[in-house]
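Residue numbers (my numbering): 1 to 470.
Ideal Cβ positions, reconstructed from N, Cα and C, are used throughout, including at glycine.
Right, one structure below, let's go through it.
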């Protein structure tokens with residue numbers, strides 16, 4: 001663990017990674033002329049305004065765009081929004097939230113770009129299902145198949161390290177604190193329910209996510225907003241503390257200002273990436289199964305996903321915790337911190353946290369299983385999936401019984417490793433990103449013929465303008 005912590009602090013999440021992660025988002029923002037922000041109304045029109053539309057008949061091998069984003073949100077909206085925010089504040093100070101915001105704002109563009117590429121370079125597998133993600137645009141777009149394989153290996157590692165054991169640990173800890181259930185019992189029950197869902201493939205995973213995520217998000221967010229309404233007078237001072245602490249470095253870790261400031265930035269960006277996954281390349285694997293007419297239209301869902309997950313949900317959680325003052329108690333973990341912050345205003349608030357963590361974590365685990373399954377399928381075909389499935393489900397029990405600091409350090413390490421090949425690809429494929437962006441935002445209201453690869457998109461675009469297809 002000392003080696004893992006050293007790798008995280010100095011290499012994986014040191015200054016080079018912060019520059020790469022934030023720099024990629026800034027670079028893509030400049031190249032796309034910040035269209036996600038200047039045309040944010042268009043983004044909302046293609047996301048929120050479409051939620052309640054009755055879905056048309058969808059193409060075989062796909063799911064609806066809303067199911068795709070719910071599956072992706074299942075992988076992001078989870079313990080990071082509850083426990084992850086609390087951990088970030090407790091070890092990095094309130095200023096860590098400012099850096100979480102920064103990573104999320106730039107991450108909106110990053111998630112838009114990687115989702116768009118995933119749709120542009122997707123293809124059909126042997127089952128007739130559409131599959132896509134960084135491994136496909138790294139191989140087909142960049143022409144680096146070995147880097148694509150490396151991404152898949154890191155994805156399988158991260159699915160266990162970040163998408164599995166952290167969630168299981170949070171569930172077990174929450175049920176232990178709220179209902180005195182032994183952690184190993186929680187681990188076994190969680191493993192059983194996950195196994196029942198994942199054997200049904202993307203259709204069943206998407207169906208569960210479509211029902212679970214909106215329902216639980218409404219309950220949790222509504223409860224947190226109620227607490228903030230009751231304590232509305234303290235919100236301005238909490239926001240001021242977040243901004244001031246981001247630059248003065250008065251983080252809970254102590255030490256001289258520069259060290260605290262750097263640590264707050266490191267924790268804020270790392271936890272921000274954990275909550276919204278922008279830059280990891282995981283969510284685009286789910287988005288690539290969506291039935292949509294244009295890659296950039298689904299890319300809008302990617303941008304909205306980060307906005308909802310971090311800018312809205314994480315901020316609400318952070319304000320509740322900061323106002324409560326529980327973050328100052330170094331003797332309690334992130335779950336207990338959130339429990340006390342909620343129960344201080346809402347009687348039985350700890351049960352809201354417990355139920356939220358259980359349902360969110362369950363959704364996150366099944367979404368991350370899907371990501372890892374597609375990665376394993378890309379590397380070795382479908383014959384090896386059963387072996388990995390057993391390993392994945394078995395690691396849930398380990399995560400439930402492990403200590404908190406161990407699972408979070410492993411999560412940070414795996415997330416960082418997974419992000420590196422994906423960020424390299426996003427920088428290298430900025431040309432296709434800009435071309436798709438310009439094409440879509442020039443006339444976002446028009447429904448195009450459905451494209452399933454960037455090559456076919458170019459052919460259709462060139463033929464429609466009378467240019468030589470070559």
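Taking the CA atoms as reference points, residue 158 sits about 19 Å from residue 118.
Burial is judged here by how many other beta carbons sit within 10 angstroms of a residue's own beta carbon; residue 292 has at least 16 and is buried.
The three-state secondary structure of residue 124, taken from DSSP, is strand. The Cβ atoms of residue 310 and residue 163 do not sit closer than 8 Å to each other.
Within 10 angstroms of the beta-carbon of residue 329 lie fewer than 16 other beta-carbons, which makes it exposed. Below 8 Å, too few C-beta pairs join the stretch 314-323 and the stretch 140-158 to call them touching: fewer than three. Scanning 376, 360, 390 for the CA closest to the CA of residue 215 turns up 360.
In the structure shown, residue 273 falls within a helical segment according to DSSP collapsed to helix, strand and coil. Around residue 7, the same chain offers 413 as residues with beta carbons nearer than 8 Å, after the five sequence neighbours per side are excluded. Assigned with DSSP and collapsed to three states, residue 345 falls in coil, not helix or strand. Annotated three-state conformation of residue 290 is strand, per DSSP. Around the beta carbon of residue 11, fewer than 16 other beta carbons lie within 10 angstroms, which makes this residue exposed.
In this structure, the alpha-carbon of residue 46 lies about 29 Å from that of residue 85. In its chain, beyond the 5 residues on either side, 376 have a beta carbon closer than 7 Å to the beta carbon of residue 384.
Boundaries for residue 313: no alpha helix (DSSP H) harbours it, and the DSSP string shows neither H nor E there. Residue 205 and residue 179 have their C-alpha atoms spaced approximately 28 Å apart. Taking C-beta atoms under 8 Å as the contact rule, residue 399 and residue 165 qualify, at a distance of about 3 Å.
Under the criterion of beta carbons closer than 8 Å, residue 112 and residue 299 qualify as touching, at roughly 4 Å. Between the C-alpha atoms of residue 446 and residue 219 there is a straight-line separation of about 36 Å. In this model, residue 88 and residue 124 are separated by some 40 Å (Cα to Cα). Taking C-beta separations shorter than 6 Å and ignoring five residues to either side along the sequence, the partners of residue 183 in its chain run 172, 176, 400, 401, following chain order.
About 20 Å separates the beta carbon of residue 22 from that of residue 116, a gap too long to meet the 8 Å contact definition.
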